[in-house]
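Report on one structure; see the data block that follows.
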Ligand SMILES: Cc1cc2nc3c(=O)[nH]c(=O)nc-3n(C[C@H](O)[C@H](O)[C@H](O)COP(=O)(O)O)c2cc1C
């Protein structure tokens, strides 16, 4: 069954608001750990040739989550490089049909770029503790909130202890209408996919700088949106990632 075709956001908004962490009693967060892959023992098979690892392969293989960040500051230079690797505005460039448009280091459905990056800064050299918004076009930081923010963040993140020492937690906001006014309900999928593109860039850029990352999906939407000043409807945080040096490499 489909929703009203003229309602471009209703169905996805219903889903979004009803997917706060573990609201469904039928879920099994403590289900036995099992990693399945698809494998047909009867299939005819073709072996793949050996390949030399390229830059992305090396970075992707080296990336792993850390759950113990060192209490050492992140250099402002590295922080800036991470933001730029994630979502800096590039261009202008020629797009389909000869149209001139700005680009980013990630693909985006329709070239609409629905995402915004917010930084919960705890320990970045030369930057006061606070919450910042990365203005990707101006390539600078807007101050959202000056001063400590951890007490509310502790209530937002389900695995707060893993990121409590992280010098910075980047939160990916989605301005849903930018994509959904063109793509409707399906645009919601595109927005989530695009957050994955940005976050992977952040993780690989961090690995390249011998920094570590922890991707975070376990948080209370309402508490985190409220902390950053988003209404959760027109714009909401859809992903987060802690970044910084690891306390130890295991
Ligand atoms: C969408 C998503 C959400 C995640 N949320 C959390 C989280 O809330 N807390 C956490 O400790 N790890 C979280 N992780 C990290 C995964 O547990 C981790 O990536 C996985 O165990 C694989 O390990 P690796 O990243 O070291 O390769 C998340 C990962 C993804 C992709």
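Residue numbers (the numbering used here): 6 to 255. The beta-carbon is built from N, C-alpha and C at its ideal position, and this holds for glycine as well.
Taking a contact to require three or more Cβ pairs closer than 8 Å, the stretch 95 to 111 and the stretch 51 to 70 do not qualify as touching. Contact annotation: residue 223 and residue 163 have beta-carbon atoms nearer than 9 Å. One thing to note: residue 232 has its Cβ within 9 Å of the Cβ of residue 161. Note on geometry: alpha-carbon atoms of residue 116 and residue 126 lie some 29 Å from one another. Between residue 17 and residue 190 the beta-carbon gap is near 5 Å, inside 8 Å, which marks them as a contact.
With a threshold of 8 Å, the Cβ atom of residue 193 does not count as near ligand 1, since no heavy atom of the ligand is closer than that. Less than 9 Å divides the Cβ of residue 139 from the Cβ of residue 123. With respect to the 9 Å criterion, residue 207 and residue 131 are not classified as neighbours on the basis of their beta carbons. Between the stretch 144 to 162 and the stretch 62 to 79, the count of C-beta pairs closer than 8 Å stays below three; the two stretches do not touch. For residue 110, the closest C-alpha among the options 120, 76, 249 and 95 is that of 95.
For residue 66, there is no enclosing beta strand (DSSP E); the enclosing alpha helix (DSSP H) has its first and last residue at 60 to 67.
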